[in-house]
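In what follows, a structure is listed as structure tokens, so that the remarks can point back to it.
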Amino acid sequence: MATLEPAFNDEAALPLETPATALDAQSPLATLVRKLSDIVVLPATRLSSNERSLTADLLMHVVVEAPAELRREVAARLSRILDCPPALTRILLLDDATIAEPLIQGAAKIPEALLIECARTRTTAHRALIARRQDLTSSVADVLLEAGEPEIAKLLLRREEFQLSPTAVDALVSRSAGDKELQGLLLRRREIEPAHGFIMFWWVDGERRKRILTRFSLDRTMLQDAVDDLYTRVFRGEGAEPFVKEILTILERRHRPRGLNGEPVAMNIVMRTIAGARRFPNQEMVQAISLVAGVSLELSGRILRDLGGEPLAVMCKAVGMPREEFFQIAQDGRAEIALDGVKAEELLGVFDSMSRDFARAVLRYWDWDGNPRIASIMRQLEADEPPMRPTS
196 MATLEPAFND
206 EAALPLETPA
216 TALDAQSPLA
226 TLVRKLSDIV
236 VLPATRLSSN
246 ERSLTADLLM
256 HVVVEAPAEL
266 RREVAARLSR
276 ILDCPPALTR
286 ILLLDDATIA
296 EPLIQGAAKI
306 PEALLIECAR
316 TRTTAHRALI
326 ARRQDLTSSV
336 ADVLLEAGEP
346 EIAKLLLRRE
356 EFQLSPTAVD
366 ALVSRSAGDK
376 ELQGLLLRRR
386 EIEPAHGFIM
396 FWWVDGERRK
406 RILTRFSLDR
416 TMLQDAVDDL
426 YTRVFRGEGA
436 EPFVKEILTI
446 LERRHRPRGL
456 NGEPVAMNIV
466 MRTIAGARRF
476 PNQEMVQAIS
486 LVAGVSLELS
496 GRILRDLGGE
506 PLAVMCKAVG
516 MPREEFFQIA
526 QDGRAEIALD
536 GVKAEELLGV
546 FDSMSRDFAR
556 AVLRYWDWDG
566 NPRIASIMRQ
576 LEADEPPMRP
586 TS
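Here is the structure:
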């Protein structure tokens, strides 16, 4: 075994200063812990891996009996070496957060499996320390988010060095309904996709709604051209799978308002129907809007109950309403909408900011319950029961 030289000859072995309240520096236990630590931190040129493992086993046996100050000192010294035996690292990593802190913060390399175990089994304080590590991976971040702690989620979202997994993003979107700060952090992430943005649309404020519509603007022309020849075969033939019809409906080029019996409805009737529903959103009007806009009853009701007015602008654009008529409808809203402070000019800006095809795509996203990812987010949302934003 390598001969141990005095600790002051080895920079890595220099002991840290301990608080005045620590145990007597000359006690046999303190002396033993420090001597074993001196050996564990020796460079690989002076100590074989087997010798380091033996010393680590001895130190593990002793350190669990040591006071907190001494355990923290050992953790700090071990943080300076790259090849600390994993079992010893684990003992200190799973200790109290104040003891694990120098190791979590200072160690350049900790096995991912140990970080995951610590994140899953220990405290919020441990997770906050891990969330600040420079070498954080998506796998560890996923585990950090499992506990559903808002402060940990925000720590992770402020960092750009790693990419969150799709599962983590879906979970965060569902949790953002009642947390404005989380909404802002999420909408800055590159992992957020149109499906996420259009779900969050319902509970963010007016400015963020505009940002969502701008950021996730899209053109479906290429997709529509690719499947154009299928419409006649699927909708005029027999035996087409329902999910094929669903996808083709999502990609339709232009919606033609229909009545109760499927008859075409003229634009002047569409405009009067929407204007009436805007003022008196009762169940009969909800059903009428569902028919003329080609959306579900649930979405129709949500659009009419939304006091912000932006979903109404999207729907009116999607059905092909002229901008002058939309502006008039936006001005003629019921009293509680006017009190919301969203001016008709602002809604007209939303109306003008998008193409009709894009507005139709947004409606389809809002009504796309069959999409596995959207369905998963909505299930999480229902389980968490956060406040929606139907009224502002």
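To convert, count from 1 in the sequence shown and add 195; that's our numbering. C-beta: ideal position from N, C-alpha, C; glycine also.
Of all the options the options, which has the alpha carbon lying nearest to the alpha carbon of residue i?
i, options, result
"A323", "G301, A303, A513 and A292", "A292"
"I286", "R317, Q526 and A303", "R317"
"E479", "I464, V465 and G496", "G496"
"Q358", "R383, R370 and G373", "R383"
"L486", "M462, C511, S222 and G454", "G454"
"K440", "R448, H450, Y426 and R449", "Y426"
"W588", "Q378, D233, R415 and S412", "Shown here, the chain extends from 196 to 587; a query on residue 588 therefore has no answer."
"L351", "V269, L331, D424 and L558", "L331"
"V558", "V335, R229, G392 and H256", "According to the sequence as given, residue 558 is Leu; it is not Val. The shortest Cα separation from L558 among V335, R229, G392 and H256 belongs to G392."
"I445", "W563, F521 and A508", "W563"
Which residues bound the alpha helix (DSSP H) around residue i?
i, result
"G401", "G401 to R410"
"C313", "E307 to T316"
"S248", "S244 to V258"
"M516", "That residue, M516, is in no alpha helix (DSSP H); it is neither H nor E in DSSP."
"Q419", "T416 to V422"
"A270", "A263 to L273"
Please classify residue i: is it buried, with 16 or more other beta-carbons within 10 angstroms of its beta-carbon, or exposed?
i, result
"A282", "exposed"
"E346", "exposed"
"T250", "buried"
"D594", "Past the edges of the chain, shown from 196 to 587, lies residue 594, and the structure says nothing about it."
"S491", "exposed"
"P517", "exposed"
"R500", "exposed"
"T216", "In this predicted model, T216 has a pLDDT of only 41, less than 50, meaning its place in the structure is not dependable enough to derive any value."
"P452", "buried"
"P306", "exposed"
"V335", "buried"
"F475", "exposed"
"R266", "buried"
To the nearest whole angstrom, what separates the beta carbons of residue i and residue j, a pair I think is in contact under 8 angstroms?
i, j, result
"A525", "L543", "6 angstroms"
"V236", "L273", "7 angstroms"
"I387", "I572", "Wrong, their Cβ atoms sit about 12 angstroms apart, outside the cutoff."
"D547", "A470", "About 19 angstroms separates the two Cβ atoms, so there is no contact after all."
"A461", "A472", "At roughly 17 angstroms, the Cβ-Cβ gap does not stay under 8 angstroms, so A461 and A472 are not in contact."
"A554", "A513", "4 angstroms"
"V258", "V228", "6 angstroms"
*asked:* I'd like the ranges of any alpha helix (DSSP H) spanning at least 4 consecutive residues and lying wholly in the region 434-510.
replied: Counting only runs of 4 or more, we get 437-445, 462-474, 478-488 and 492-500.
*asked:* Please give me, in chain order, every unbroken run of the alpha helix (DSSP H) with length at least 4 that falls completely inside the region 288-376.
replied: Runs of the alpha helix (DSSP H) inside the region 288-376: 292-301, 307-316, 319-326, 333-340, 345-352 and 361-370.
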